[in-house]
Amino acid sequence: MSSEIKAKISAVGHYLPDYVLTNQELEKLVETNDEWIRTRTGIIERRILKDPDKASGFMAAEAAREILRQRNMDASEIDVIIVATVTPDYMFPATACIAQSMIGASNAFCFDLSAACSGFLYALEVGTNMITSGQYKRVLVIGSDKMSSIVDYTDRSTCILFGDGAAGVLLEPADDENGIVDSIMYSDGDMSSTLIQSGGGSRNPASHDTVDKKMHYIYQEGRPVFKRATEGMADVSVEIMKKNQLSGDDVDWLVPHQANLRIIDATARRMNLDPSKVMINIDKYGNTTAATIPLCLYDWKDRLKKGDKLVLSAFGGGYTWGAIYLKWAM
Ligand code: UT7
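The numbering of the sequence shown is our numbering, which starts it at 550 and goes up by one.
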């Protein structure tokens, strides 16, 4: 019986900090230039959470509050909160518990999920299965990352890429055929060292040495990650289309992780998708890690129509990657 239950997205919320970090400002920090950043990545500006007392938990709570307002729902009605993040407020307790306390979701059970840039997709997959199990009715799935807390603003190869932000969705049982239809998820730990924050965990606990060696910052080998990301996102997007007998004409929207405009363009080309059907906001927010996909859904929500066919697709550290096919239900 329970397998007949389908999950749908019933609300979308977000939070973006006010401070805008432009390419021009980065030109003053590192040896870079606006033209290089635009042509190599597609990024023009990104948001930064400047308040030192606020972090990913705060942003997740703000996104959750917007979702609750949209559904006219009390926080006590939430069953589960999943926060996808690689910049948790603390190693523990979970950022989802911090956000829960902030919004007063006293009946929810809460946990974090770590899958880097695929975090939202992975969390959506977990949340969907919690709904289809029949055991939970209202699952908040939020991606929240304060990337500025782990970015080295003297490293030009990474500091230009990332921004801060949060966004998420409410999952509820679907009442018609619209909702989450299918998913394909992958991981490959063999290349984990090419995209990593190596300090602060149990392998390299924080010490003077880990600070001196800048191990608490993001380390990325851009070229190998770029190559695998381009292949991975395109392959899995085409795979989910084939599995569901979808042509490029059938898909209404590609909702891609926003890491690099060139990766997004390559994915859309492989899917045979008209560029007008691709959600792109990397120019405004950069790479907000777990927040990119729900931020796209938020920015486009007024243009989406019930029944629209969406392919969500991401690639990130781990490596982790995947795609979700859904029919918009709002
Ligand atoms: O979101 C999770 C997954 N992450 C990704 O998908 C990111 C994947 N990687 C990328 O998006 C790209 O590799 C980057 C945007 C990070 C870098 O672009 P690239 O085209 O791969 O550049 P590169 O690393 O091959 O560097 C090309 C040149 C180098 O100079 P030389 O050695 O050719 O003289 C770099 O030193 O560009 C130089 N460079 C820069 N120049 C100006 C690197 N960063 C900058 C910069 N400004 N910010």
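Glycine residues also receive a C-beta, built at the ideal position from the N, C-alpha and C atoms. These figures come from a predicted structure and were not determined experimentally.
Judged by DSSP in its simplified three-state form, Trp585 adopts helix. In this structure, the beta-carbon distance from Met820 to Gly797 falls below 7 Å. Contact between Thr590 and Leu710 holds: CB atoms are separated by about 6 Å, below the 8 Å threshold. Around the Cβ of Thr571, a 10 Å sphere holds fewer than 16 other Cβ atoms; the residue is exposed. Ala624 has its CB no nearer than 6 Å to any heavy atom of the ligand UT7. In this structure, the alpha-carbon of Glu780 lies about 13 Å from that of Thr869.
Membership of Tyr847 in any beta strand (DSSP E) is not indicated; the residue belongs instead to the alpha helix (DSSP H) covering 841-849. When DSSP reads this structure, Tyr768 sits in a beta bridge with Ile745. Shortest Cα-Cα distance from Pro566 to any of Asp823, Tyr768, Glu594 involves Glu594. Here the C-alpha atom of Ile812 lies approximately 9 Å from the C-alpha atom of His806. Bridge pairing for Trp870: Tyr735, Phe864 [DSSP]. Runs of the alpha helix (DSSP H) lying entirely within the stretch 660-734 and spanning at least 4 residues, in chain order: 668-681, 705-708. Relative to the ligand UT7, the beta carbon of Ala613 is positioned no closer than 6 Å to any heavy atom. The continuous alpha helix (DSSP H) containing Val760 extends over residues 757-761. Contact between the stretch 570-587 and the stretch 737-757 is absent, with fewer than three C-beta pairs closer than 8 Å. Residues Val561, His563, Ala716 of the same chain have their beta carbon placed closer than 6 Å to that of Tyr847, with the five preceding and five following residues left out of the count. Within 6 Å of the C-beta of Ser698 there is not a single heavy atom belonging to the ligand UT7. Residue pairing for Gly562: DSSP places it in a beta bridge opposite Gly717. Counted as a single uninterrupted DSSP element, the alpha helix (DSSP H) harbouring Thr644 occupies residues 644-652. One alpha carbon belongs to Ser663, the other to Met740, and they sit about 16 Å apart. Around the beta carbon of Phe641, fewer than 16 other beta carbons sit within 10 angstroms, so the residue counts as exposed. Contact annotation, Trp849 with Asn727: C-beta distance approximately 16 Å; criterion of less than 8 Å not satisfied. In this structure, DSSP gives Glu580 a state outside helix and strand, which the three-state scheme calls coil. Boundaries of the alpha helix (DSSP H) harbouring Arg819: 810-819, taken from the DSSP string. Going by DSSP, Arg595 is part of the beta strand (DSSP E) stretching over 594-597. Only residues of its own chain outside the window of five on either side were considered, and among them Ile630, Ile631, Val632, Cys659, Phe660, Asp661 have a CB closer than 7 Å to the CB of Ala645, listed in chain order. In the three-state scheme derived from DSSP, where H, G and I count as helix and E and B as strand, Val800 is classed as coil.
The beta carbon of Val700 sits closer than 7 Å to the beta carbons of Thr707, Cys708, Phe711, Tyr766, Ile767 from its chain, once the five residues preceding and following it are set aside; these are given in chain order. Burial state of Tyr568 is exposed, judged by a 10 Å Cβ sphere holding fewer than 16 other Cβ atoms.
Not one heavy atom of the ligand UT7 sits closer than 6 Å to the Cβ of Thr837. Residue range 605-620 is occupied by the alpha helix (DSSP H) that includes Ile616, with no beta strand (DSSP E) assigned at that position.
For Ile630, the enclosing beta strand (DSSP E) starts and ends at 629-633.
In this structure, Ser697 is the residue among Leu673, Leu795, Ser697 with its C-alpha nearest to the C-alpha of Pro637. As the crow flies, the alpha-carbon of Asp694 is around 21 Å from that of Ala654.
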